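Peer 1: What follows is a structure written as structure tokens; I'll ask about it next.
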Amino acid sequence: MLTRKQHELLMFIHERIKESGVSPSFDEMKEALDLASKSGIHRLITALEERGFLRRLPHRARALEVVKLPQQATMAAPPKGRGAFQPKVVEGDRQSADPIAANDTRDLPILGKIAAGTPIEAIQHERDRIQVPETILGAGEHYVLEVQGDSMINAGILDGDFVVIRKTPTANSGEIVVALVMGEEATLKRLRRKGASVALEAANPAYETRIFGPDQVQVQGKLVGLIRRYH
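Quick note on numbering: the sequence shown equals residues 0 to 230 in numbering that gives the first Met the number 0.
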């Protein structure tokens, strides 16, 4: 099944080729789908190629060929080769909202890497964008970080995964959060409150739990989902 954006792009390309005989430019596709950057179009085209709906014609500018349309693909076998992003929910506290179509997505910023291990520098500026299913989001502002390290492996979070974070300055004890330590380092850990102290707990016995004073840890957001790239 195609996502809503994949379907919109495929039909836009199909109609443009049918009208003019030439596939649209990346700028035209970006404008038609109201995306912030052309990198989102690149990802959509790659996903459509992998699913067998589009083909890039070599040695020709703006050369895309529509191989099939969605209604022709009901019984199609899954494409071979590298898989696209396949989202899976880790855990979260999704707020109540109206029912959302399963194939709706939201374009979110990737803000850099987050340490699941020894803390690294605080979150950087937006470096890319990624489409995330609405079904794991809910209300509020969200962003995505790439995980670096293995301290959360027993929570199902691996090195190289992308974590989806809902922006919030508060979290309950036991929730997995993005924590800013001493105003300088960002890390992904399970938050535990012990009296006036704040503990950042790993999900890997090789790492020690770190204890801080209440003013030394600032919650930047909490985990609502995870995206993993399969090769």
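Beta carbons are placed, not taken as given, at the ideal position from N, Cα and C, and that holds for glycine. Owing to the predicted nature of the structure, the values given are computational and were not obtained by experimental measurement.
Measuring alpha carbon to alpha carbon, tell me which residue in 24, 103, 179 and 189 is nearest residue 203.
Peer 2: Of the listed residues, the one whose Cα sits closest to residue 203 is 189.
Peer 1: Would you identify the three-state DSSP class for residue 50, choosing helix, strand or coil?
Peer 2: Three-state DSSP puts residue 50 in coil, outside helix and strand.
Peer 1: Rounded to a whole number of angstroms, what is the C-alpha to C-alpha distance between residue 77 and residue 51?
Peer 2: Bear in mind that a pLDDT of 34 at residue 77, under 50, signals an unreliable position, so the number given afterwards is only what the model happens to contain. Distance between the alpha carbons of residue 77 and residue 51: 9 Å.
Peer 1: Return the CA-CA distance between residue 53 and residue 24, expressed in angstroms with no decimal places.
Peer 2: Rounded to whole angstroms, residue 53 to residue 24 spans 15 Å at the Cα level.
Peer 1: Flag this pair as touching only if the stretch 38-52 and the stretch 5-13 have three or more C-beta atom pairs under 8 Å; answer yes or no.
Peer 2: Contact holds: three or more Cβ-Cβ distances are below 8 Å.
Peer 1: By Cβ distance below 8 Å, which residues in the same chain neighbour residue 213 in space, the five residues on each side in sequence not counted?
Peer 2: Excluding positions up to five away in sequence, the list reads 195, 196 and 197.
Peer 1: In whole angstroms, what separates the C-alpha of residue 160 from that of residue 225?
Peer 2: About 7 Å.
Peer 1: From residue 67 to residue 6, what distance separates their C-alpha atoms?
Peer 2: Residue 67 and residue 6: Cα-Cα distance of roughly 12 Å.
Peer 1: Checking the sheet assignment: what are the DSSP bridge partners for residue 132?
Peer 2: Looking at the DSSP assignment, residue 132 forms a beta bridge with 104.
Peer 1: Determine the direct distance from the alpha carbon of residue 40 to that of residue 174, and round the result to whole angstroms.
Peer 2: So the two alpha carbons sit approximately 34 Å from each other.
Peer 1: What would DSSP say about residue 216, mapped onto helix, strand or coil?
Peer 2: Here residue 216 sits in strand by DSSP.
Peer 1: Could you spell out where the beta strand (DSSP E) holding residue 192 opens and where it closes?
Peer 2: Run containing residue 192: 184-193, per the beta strand (DSSP E) assignment.
Peer 1: Relative to the alpha-carbon of residue 107, which residue among 19, 156 and 36 has its alpha-carbon at the smallest distance?
Peer 2: Residue 107 has its Cα closest to that of 36, out of 19, 156 and 36.
Peer 1: Report the CB separation of residue 129 from residue 143 in whole angstroms; it is logged as a contact under 8 Å.
Peer 2: Correct: roughly 6 Å between the Cβ atoms.
Peer 1: If you drop the 5 nearest sequence neighbours on each side, which residues of the same chain put their C-beta closer than 6 Å to that of residue 16?
Peer 2: Within the same chain, residue 16 has close Cβ partners 22.
Peer 1: How about residue 109 and residue 133: are their beta carbons less than 8 Å apart?
Peer 2: It is not a contact, given that the beta carbons lie outside the stated cut-off.
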